[in-house]
Amino acid sequence: MKYGFIGCGNMGGAIAKALSRETTDILISDRSGRAKALAAELGIGYSGNETIAAQCDRIFLAVKPHMMRDVLVPLQDLLARRRPLLITMAAGLETTQIEAFAGTSLPIIRIMPNTPTAIGKGVIPYCHNRLVGGAVLADWLHDMKHCGLLDSLEERLIDAASALSGSGPAYMYLFLEALADGAVACGIPRAKAMEYAAMTMSGAAEMVLATAQHPGALKDAVCSPGGSTIAGVRVLEQHGFRGAAMDCVIAAYQKNLELGK
Numbered sequence: 068m069k070y071g072f073i074g075c076g077n078m079g080g081a082i083a084k085a086l087s088r089e090t091t092d093i094l095i096s097d098r099s100g101r102a103k104a105l106a107a108e109l110g111i112g113y114s115g116n117e118t119i120a121a122q123c124d125r126i127f128l129a130v131k132p133h134m135m136r137d138v139l140v141p142l143q144d145l146l147a148r149r150r151p152l153l154i155t156m157a158a159g160l161e162t163t164q165i166e167a168f169a170g171t172s173l174p175i176i177r178i179m180p181n182t183p184t185a186i187g188k189g190v191i192p193y194c195h196n197r198l199v200g201g202a203v204l205a206d207w208l209h210d211m212k213h214c215g216l217l218d219s220l221e222e223r224l225i226d227a228a229s230a231l232s233g234s235g236p237a238y239m240y241l242f243l244e245a246l247a248d249g250a251v252a253c254g255i256p257r258a259k260a261m262e263y264a265a266m267t268m269s270g271a272a273e274m275v276l277a278t279a280q281h282p283g284a285l286k287d288a289v290c291s292p293g294g295s296t297i298a299g300v301r302v303l304e305q306h307g308f309r310g311a312a313m314d315c316v317i318a319a320y321q322k323n324l325e326l327g328k
């Protein structure tokens, strides 16, 4: 199957990188021309939207939600004639809205990926409409195997999942940088502080996945009575750390809902 990417910014580029480990039969396009460098790096093609609609069997729609109508309407005749599989990653836009913009009934998969997809560590909740058959879905999942975790989810929950896993890397980077800054304030060299913070975050996440223990139990195992760790946890709690973390996910979710209006 020939894949196409209409729009290829950070998120589209991350998926293109992962997908190129399975196939290089890929065309990408963007408005600015910056994706030409990515195409050359990955050994894939660079083209325009009409060429992608005319030639590709599976097309990723990697444009902003407010741009989706303007991108799809000019392609309606080609899409109606060829009926490719569309894979949308636009926050807030349901599969029925994508069909309406396309002007015809098409098989559509909706995904909410994150940028670690580029290195095979992504989280990609997905859903699909009634026209995506089991064989097509299985084949697409096979091609996407280098992306990370792909997990089926009801469409009504996709925007909530995006607020966690889609936006989540930004929250993690912010926390990681802050931890490293704290270590630098204590005298650790910047490069070492960043490496220690990143490995600590990665290791803690792997512990949750590997042991299936509740993170509260894993936290308790590190907090010795009267020790330094519980002193640090106390400061996080005093500053409303958990409440702030919850609120940031809720805020992102509410914004996703606004984007679909």
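Letter 218 of the sequence shown, counting from 1, is numbered 285 in our numbering, and no numbers are missing. For glycine and all other residues, C-beta sits at the position ideal for the given N, C-alpha and C. Model, not experiment: these values are computed from the prediction.
(Q) By alpha-carbon positions, which one of Leu198, Gly200, Pro180 ends up nearest to Ile191? (A) Stepping through the sequence shown from its first residue, residue 191 is reached at position 124. Answer by Cα proximity: Pro180.
Q) Using the beta-carbon count (16 or more within 10 Å), is Lys84 buried or exposed? A) As a working note, residue 84 is residue 17 in the sequence shown. Buried.
Q: With DSSP as the reference, label Asp218 as helix, strand or coil.
A: Mapped onto the sequence shown, residue 218 falls at position 151. Note: Asp218 maps to strand in three-state DSSP.
Q. DSSP three-state call for His195: helix, strand or coil?
A. Numbered from its first residue, the sequence shown carries residue 195 at position 128. Residue state, collapsed to three classes: strand.
Q | Length of the line joining the Cα atoms of Pro256 and Leu243 | A | What you label residue 256 is simply residue 189 of the sequence shown in a count that begins at 1. What you label residue 243 is simply residue 176 of the sequence shown in a count that begins at 1. Between Pro256 and Leu243, the C-alpha separation is close to 15 Å.
Q. Using the C-alpha atoms, what's the distance from Ser234 back to Leu94?
A. Position 27 of the sequence shown, counting from 1, holds the residue named residue 94. Position 167 of the sequence shown, counting from 1, holds the residue named residue 234. Their backbone Cα atoms lie some 27 Å apart in a straight line.
(Q) Three or more C-beta pairs under 8 Å: does that hold for the stretch 190-205 against the stretch 281-298? (A) no
Q) How about Glu71 and Ile119: are their beta carbons less than 8 Å apart? A) Along the sequence shown, one-based indexing puts residue 71 at 4. Along the sequence shown, one-based indexing puts residue 119 at 52. Per the sequence shown, the amino acid found at residue 71 is Gly instead of Glu. Yes, they are a contact pair.
Q: Tell me whether the beta-carbon of Ala158 lies closer than 8 Å to the beta-carbon of Ser229.
A: Residue 158 sits at position 91 when you count from the first residue of the sequence shown. Residue 229 sits at position 162 when you count from the first residue of the sequence shown. Yes. Within cutoff.
Q | CA-to-CA distance, Ile225 to Ser99, given in whole angstroms | A | Here residue 99 is taken as the residue at index 32 of the sequence shown, counted from 1. Here residue 225 is taken as the residue at index 158 of the sequence shown, counted from 1. Going by the C-alpha atoms only, they are around 29 Å apart.
Q) Taking just the CA atoms, how far does Lys286 sit from Gly80? A) As a position in the sequence shown, residue 80 is number 13, starting the count at 1. As a position in the sequence shown, residue 286 is number 219, starting the count at 1. Roughly 36 Å between the two C-alpha positions.
Q.
Taking 8 Å as the threshold (C-beta atoms), are Val138 and Val130 in contact?
A. The sequence position of residue 130 within the sequence shown is 63, counting from 1. The sequence position of residue 138 within the sequence shown is 71, counting from 1. Contact flag set, yes.
**Q.** Terminal residues of the alpha helix (DSSP H) in which Ile175 lies
**A.** Working through the sequence shown from its first residue, we reach residue 175 at position 108. Run containing Ile175: none in the alpha helix (DSSP H); it sits in the beta strand (DSSP E), 175-178.
Q | Best match in Val251, Leu217, Ala260, Ala265 for proximity to Tyr240 [C-alpha to C-alpha] | A | By 1-based counting over the sequence shown, the position of residue 240 is 173. With distances taken between Cα atoms, Tyr240 lies closest to Ala265.
Q: Mind checking who Arg125 pairs with in its DSSP beta bridge?
A: The count along the sequence shown starts at 1 and reaches residue 125 at position 58. Tyr70, Leu152.
Q. Quick one, which of Arg223, Ala227, Ser232, Gly189 has its alpha-carbon nearest His355's?
A. Lying before the first or after the last residue shown, residue 355 is absent from the chain, which here runs from 68 to 328.
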